[in-house]
Each structure stands twice: as C-alpha cells, then as structure tokens.
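Offset between the sequence shown (1-based) and this note's numbering: plus 1050.
In this text, a Cβ means the ideal position worked out from N, Cα and C, and glycines have one as well.
Note that the structure is predicted; figures quoted are calculated from it, not measured.
One structure is given here, and the rest of the page talks about it.
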Amino acid sequence: MNLTKLRYLVTVDRAGAISAAAKVLHITQSAVTKAVADVEADLGFAVFDRRARGVVATAAGREFIDRAARILSDMNQLVSDTKSSRDTRDRVLRIGVAPPSLEGLMNRSIRHLILSHPEVRVQLRGTPFETGVQLLRQGDLDTLVTPSKPLSTAGDFVVEPLPPLRSLMFARKGHPLAGRRLKAGDVAKYPIISPDLSGPVVEPLMEVLSFLDSDPQRNLHILENFAMASGIIERSDAVGVVGHTYVQSQSFRTRFEVLDYDMGDPLPMVLAYRSEWQPSRAMTWLRAALRAHPPTSLSGQSSSHAG
1051 MNLTKLRYLV
1061 TVDRAGAISA
1071 AAKVLHITQS
1081 AVTKAVADVE
1091 ADLGFAVFDR
1101 RARGVVATAA
1111 GREFIDRAAR
1121 ILSDMNQLVS
1131 DTKSSRDTRD
1141 RVLRIGVAPP
1151 SLEGLMNRSI
1161 RHLILSHPEV
1171 RVQLRGTPFE
1181 TGVQLLRQGD
1191 LDTLVTPSKP
1201 LSTAGDFVVE
1211 PLPPLRSLMF
1221 ARKGHPLAGR
1231 RLKAGDVAKY
1241 PIISPDLSGP
1251 VVEPLMEVLS
1261 FLDSDPQRNL
1271 HILENFAMAS
1281 GIIERSDAVG
1291 VVGHTYVQSQ
1301 SFRTRFEVLD
1311 YDMGDPLPMV
1321 LAYRSEWQPS
1331 RAMTWLRAAL
1341 RAHPPTSLSG
1351 QSSSHAG
C-alpha cells in the first residue's frame, strides 16, 4: 500500500465509480481496479460495495477512506510548506560578517549579487565572531564571512577559502612618521584609531600599545566608521588602519599615505556555512559574486568602511 493507491481510492469514492475515477486520474480503468483490489487485500475487508452504476463505500471502507483523505491532505500541505520554505530560502540570504568592522568588505560583492539577481533579498549584518558562529549554528544566519583561524576547530561548518586580507597603517600627507621605516615605539607616540579590538589588526596594534605605561586600550580610539576615522586622521597626527587595495584609490592617494610599519602576515578569510545544509541558489549566486569581487579587494569600497 502506498500514497498513490490511497489517492486512487479517495478519487473512486469522490467520483462514485471506477471508470469515472480513471478519467479523473488520467489512467486506465484496469489500473484503478487493481489498486482498489490491492488495498482491500491488504486490509482484509471490502472498501467498496460494487453496484450496477458504480460503487459505494462500506462502513469499514468509509472510515478508512476518510482517514486516507486526511493523510493525503496532510501530505499535500507538507509538500506545499516545504516548497514555500525552499522558495523563501532561495530568495532570502542572511549573511554575517565578523567582526563588524569588516562589513564594508562586502560592498562590491553584495552590490553585484543584488543587481545580478533582483529576486534575492539580502540581510547583511556585522557581528562579533562568537555571536556570528552561534547565529550560524542555530540557523539564524545562512553564511558567515570571517577570518579562518577561529573556525579551524569548528567541525560542523563547511569552510570555503577567500583571498586573504592585508592591513596597512596610514596617516595624513606630511605626517612626521611618513617616509621612514617604523618600529612599534615610533607609532606609539601618536594617537591610534582602530575599527575594533577583535579584528585582524589586534595583535600588531597591541604590540604598539605595549610601549605605553597605562592600560593600552585607554590609548586607542575605537571607531568602526571609516569616514569618521579618516576625517580625523586627515586633520590630525592620528594614525589608522586600512585594507591594502583601498590605498590604490585616487581618493586615498590625494589625502593619505601608507606608513612603513609591519602589520603582520595577510589574514586568511573564509565563507562558512553549516555542513548539513544544502546550499541554496542564493548561496550559489553569492559565491559567484565573491569570485567576481573578492571581499578583500577594497578598491571599490565605499568610504563608510575601509579599515
């Protein structure tokens, strides 16, 4: 017995005759007759009384057919709900970026994704790493763009590599630190602006701040908004952090210059998602957008986030 045979029985009951049911189902009358006979053999009782002008459900058959109709209705609803959920999953893509200061890295790829696939609805949010992993694990994010190192021990995610992120230190044109090889003690003499204390620049910045006697964090401006940070740097002796390809833009070159200070090795970045999930169409499109515009290629980045 299977759902197909149950559907045949329910159709026979509603049509009132095997021949009429066969027409509704677009199959042969013999196929319907065999299905009815098979079900009755499995049940051990007659589902229908055969009459000259059709069939009528027996008392036991009526109870069985009514339950079968409810099962079929539930299955139809399940299929409909599943399809609706799949359609929603194909249309809505929830992307996390950790830490939040790296959210601007996604500007070009997200623009490409939305313009190439207008049916997609993107929900982009910056999040601390621990929060982003939890949201991804519980299904509140579809994917997370983040440095690879913290995910190295998370076995429940698929991790796809992205181009590494290289950070540089910069200052205004004519800054006293410009034009010479710098050590941590040189940089520590000036105010420093960082987008956060959890991102890829933490270790080199902590080395600089270790030269100060007081609490290192008290000597650091934390400004996630790059437009605000760059405006301060342009008008003062403060120094800041910028992604490596953003320095190639005309806007940057006319206002700032890169300082010759070692900010460490480039930071490997990844795209992560839950290993038990089958990637949606929207995820496939996001991958293509990231290949076309890698998130660590900042030359097309807006001025709101570039550090």
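Could you pull out every residue in the same chain whose Cβ sits closer than 8 angstroms to the Cβ of residue i, ignoring the five residues on either side in sequence?
i, result
"residue 1159", "1336, 1339, 1340, 1342, 1343, 1344, 1345"
"residue 1107", "1063, 1097, 1098, 1099, 1115"
"residue 1303", "1297"
"residue 1271", "1241, 1242, 1243, 1244, 1279, 1282, 1288"
"residue 1333", "1143, 1192, 1193, 1323"
"residue 1285", "1222"
Using only alpha-carbon positions, find the residue among the options that is nearest to residue i.
i, options, result
"residue 1200", "1058, 1063, 1307, 1320", "1320"
"residue 1120", "1091, 1179, 1056", "1056"
"residue 1170", "1162, 1105, 1240", "1162"
"residue 1179", "1332, 1076, 1149", "1149"
"residue 1177", "1155, 1168, 1206, 1147", "1147"
"residue 1156", "1328, 1125, 1196", "1196"
"residue 1305", "1221, 1237, 1165, 1324", "1221"
"residue 1215", "1067, 1316, 1072", "1316"
"residue 1236", "1152, 1312, 1209", "1312"
"residue 1113", "1093, 1277, 1079, 1103", "1093"
"residue 1060", "1188, 1166, 1123, 1080", "1123"
"residue 1231", "1111, 1309, 1288", "1309"
"residue 1105", "1067, 1301, 1330", "1067"
"residue 1164", "1128, 1260, 1084, 1141", "1141"
"residue 1307", "1328, 1332, 1261, 1223", "1223"
"residue 1233", "1185, 1261, 1334", "1261"
"residue 1175", "1109, 1205, 1190", "1190"
If you reduce the DSSP assignment to three classes, tell me which class residue i lands in.
i, result
"residue 1261", "coil"
"residue 1281", "helix"
"residue 1173", "strand"
"residue 1144", "strand"
"residue 1163", "helix"
"residue 1229", "coil"
"residue 1212", "strand"
"residue 1319", "strand"
"residue 1067", "coil"
"residue 1353", "Bear in mind that the predicted position of residue 1353 carries a pLDDT of just 37, short of 50, making it unreliable; the figure below should be weighed with that in mind. Reduced to three states, the DSSP call for residue 1353 is coil."
"residue 1334", "helix"
"residue 1178", "coil"
Taking all protein chains shown into account, decide if residue i is buried (16 or more other Cβ within 10 angstroms of its Cβ) or exposed.
i, result
"residue 1118", "buried"
"residue 1095", "exposed"
"residue 1229", "exposed"
"residue 1053", "exposed"
"residue 1125", "exposed"
"residue 1076", "exposed"
"residue 1325", "exposed"
"residue 1111", "buried"
"residue 1128", "exposed"
"residue 1330", "buried"
"residue 1102", "exposed"
"residue 1182", "buried"
"residue 1277", "exposed"
"residue 1086", "buried"
"residue 1354", "Note that residue 1354 scores 38 on pLDDT, short of 50, meaning its location in the model is unreliable; the coordinates nonetheless yield the value given after this. Answer is exposed; the Cβ neighbour count stays below 16."
"residue 1151", "buried"
Taking the DSSP output, what are the residues bridged to residue i?
i, result
"residue 1306", "1222"
"residue 1207", "1324"
"residue 1244", "1272"
"residue 1054", "Answer by DSSP bridge pairing: none, since residue 1054 is not bridged."
"residue 1098", "1107"
"residue 1442", "With the chain covering only 1051 through 1357, there is no way to say anything about residue 1442."
Can you find the residues in the same chain that come closer than 7 angstroms, C-beta to C-beta, to residue i, ignoring five residues on each side of it along the sequence?
i, result
"residue 1279", "1243, 1273, 1290, 1357"
"residue 1253", "1314"
"residue 1210", "1320, 1321"
"residue 1065", "1071, 1074"
"residue 1185", "1146, 1177, 1191"
Excluding the 5 residues flanking residue i on each side, which residues of the same chain have their C-beta closer than 6 angstroms to its C-beta?
i, result
"residue 1192", "1143, 1144"
"residue 1069", "1079"
"residue 1006", "The chain is shown only over 1051 to 1357; residue 1006 falls outside these bounds and no answer can be derived."
"residue 1323", "1193, 1208"
Report yes if the C-beta of residue i is less than 6 angstroms from at least one heavy atom of the ligand SAH; otherwise report no.
i, result
"residue 1313", "For the structure depicted, the ligand SAH is absent and the ligand set is empty, with no information on it obtainable."
Output yes if chain C places a C-beta closer than 7 angstroms to the C-beta of residue i; else output no.
i, result
"residue 1278", "Absence of chain C from the displayed structure is noted, only one protein chain being present."
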